[in-house]
Every structure is written in structure tokens, then in C-alpha cells.
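Below is one structure, written out as C-alpha cells; the observations come after it.
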Amino acid sequence: MLAAYIHILALLPLTGQIMRPEPQRDIWLYASICLAAVGTMVLLGVTGEEVQSRGFAAALHWSELTVILIFGGLVICKGPHQVWRLAGYIGGYLLLFAVLAAVFRVFGNNVAETVDGPALYSGWLWAHIGSSLITYALVTLAAIAAMAYVVQEYALKKRKPTRWSRRLPPLRDSEYMLVGFLKWSAWILIIGIISGFALRYVEGQSLWEIDHKMLLTLLGFATICVLIFIHERSTLRGRMAVRFVLGAWLLLTLAFPGVRLVTGYIIG
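Numbering-wise (my numbering), the sequence shown opens with residue 243 and increments by one.
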């Protein structure tokens, strides 16, 4: 629990970026991102949660670390379109995941399973895990950008910008990010789907037997592809695009940490 407390405290400076009068891409932002990454890695080192673990808490923690690393890389590389203004909201999202994982670790007594056997030594496993984490992180960033779009759109319609809307990226930038992140995630999710079927073959499972995780992943991929297609063909805008993004995020949440929650704590 001490590691969990340290982890939560390490995320507070990043979450606190939301309270700054004017968000800035400065040393304090860099420091908060580094602290969040180090705190998460310390927790993973202390708890021994391996990336191939099938545990719910491990899924949340590794997802957090992936989001932090991708977001930190985007901030350092100055792109895309004022993404650093989302820092406080990303910190709040990660803080929620950290608290949720700590609660289930306290009240849950199950021992998480880990991948073993031939699959553990297969390159397909690591391709599948890596692509799954990156995809979920990108869709998470897209969902946060979508929520920023909703806040900005509401403020513009009311013609009353709030202190919250002033801290967010402009409306056009939010739209660019939510669609752009989904486009990236679609390409990486293709790797995840292919490696998932290959992993089934390595484990001796039927390639045509679709479980809950695969079904939700395929539905999420279909949702992303539909959004990209409609956006490219008819310049889909506004709340309809936001609904597609949040729908894809929900499906992949159910497919990744959601399935682990059900199997580990509800029917496990």
C-alpha cells in the first residue's frame, strides 16, 4: 500500500496542471510528467506486476505508464496542436485509474494469472501486448480530446468562455487531435488483431472461436474505421465524432481492463 500511496502522490503534480491560470509547456510540466512516470515505474517494480500479467490492477498500471510515456513524448516533440493543454485532464484520468487499482488491490484477494507456456516465448505475445497498450493509450488521449471539444463547443455556443475552457486547446485543435489519435490507433490495432490470432495459434486455440475480448476489440476497430471513413468522406464534425470516439474508448476499455475485471473479481 505504501507503493500505491507514493504512486498516487506522484500523479498529483500532473493533475494539478489543471489549476494553473495559464497552462504552459515549461519545466514544471516536464517535471510533473517525469514524476508521474517514475512513480508508476516504482509501483510496478515494488509490486512485481509483469506486463504479461492477466490481473486487473496490472492492466490499469501498465495502461497508465503507456499513456504517460506517449503523452510525454508528444509534449517534448511539440505536437500535435497544443496537446500539452490536456495535461491536467490526463493527470486526473490517471489518478482515477490509480485509486481504482489501489482499491481493488486492498479488497481483492485473488492472485493474478500470468501468461506461461509456449506463448511466453513467442514474439507474437509481445507484439500483441505492446500494440494493445499503445492502442488503448491513443484511444484514451482521443477520448480526453473529445471531452475538451465538448467543453469548448459549449462555451462557444453560450458565448461565455469559462476558466476551464480557456485552459483547453482551441476547438479545431481538439477535433484534429481526437481524429488524429484514432487514425494512429487504427493502424496499431491492426497489429494487435493479427498478433492476437497468431497467439491463439501458438496456444493451440481455435482461430475462429471469438471470445468477449476479441469481439469487443473487433467492434472497437470497426467503430474507429467507420469514424475515419465518414470523416474523410463527409467531413464529420461536432458531437457525432465525439460519440464515435467515446464509443471506441468504451469498447476497448471493456475489452482490455474490463475483461480482466470480470474474470478476476466477478466470475474468477
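Cβ coordinates follow ideal geometry from the N, Cα and C atoms, glycine included. Keep in mind that this is a model prediction, so the values were computed, not measured.
Asked: Extent of the continuous alpha helix (DSSP H) run through L383; Found: G365 to K400
Asked: Cβ neighbours of H473 in the same chain (closer than 6 Å, five flanking residues each side left out); Found: V421
Asked: Span of the alpha helix (DSSP H) around V317; Found: F298 to I318
Asked: Given F313 as reference, the closest of L469, E445 and F423 once Cα atoms are compared; Found: F423
Asked: Cα-Cα separation between L458 and L493, rounded to whole angstroms; Found: 6 Å
Asked: Identity of the residue in T308, R485, L311 and L286 nearest A300 by Cα; Found: L286
Asked: Sufficient close CB pairs (3 or more, under 8 Å) joining the region 293-308 to the region 332-351; Found: yes
Asked: Length of the line joining the Cα atoms of G446 and Q266; Found: 52 Å
Asked: Collapsed DSSP secondary structure at G321 in the structure displayed; Found: coil
Asked: Nearest neighbour of A246, chosen from L256, L271, P263 and A278 [CA to CA]; Found: A278
Asked: Span of the alpha helix (DSSP H) around W429; Found: L413 to V444
Asked: Opening and closing residue of the alpha helix (DSSP H) in which G252 lies; Found: Looking at the sequence shown, residue 252 is not Gly but Ala. It spans L244 to T257 - the alpha helix (DSSP H) in which A252 sits, taken as one unbroken run.
Asked: Residue environment, F498, which counts as buried when at least 16 other CB atoms sit within 10 Å; Found: buried
Asked: Own chain residues within Cβ distance below 7 Å of H454, not counting five before or after; Found: V501
Asked: Stretch pair the region 252-269 + the region 325-344: three plus CB contacts closer than 8 Å; Found: yes
Asked: W304, buried or exposed, once every other Cβ within 10 Å from all chains shown has been counted against 16; Found: buried
Asked: A279: first and last residue of the uninterrupted alpha helix (DSSP H) it sits in; Found: I269 to T289
Asked: Under 9 Å between C-beta atoms of L431 and I466; Found: yes
Asked: Nearest-angstrom Cβ-Cβ length linking L496 and L441, presumed shorter than 8 Å; Found: In fact, because the Cβ distance is near 20 Å, the residues do not count as touching under 8 Å.
Asked: Minimum C-alpha distance to I386 - residue among Y418, G365 and G372; Found: Y418
Asked: Environment of T308 [buried if 16+ CB atoms lie within 10 Å]; Found: buried
Asked: Other residues of its chain near V393: CB distance less than 7 Å, five sequence neighbours each side excluded; Found: W406, S407 and L410
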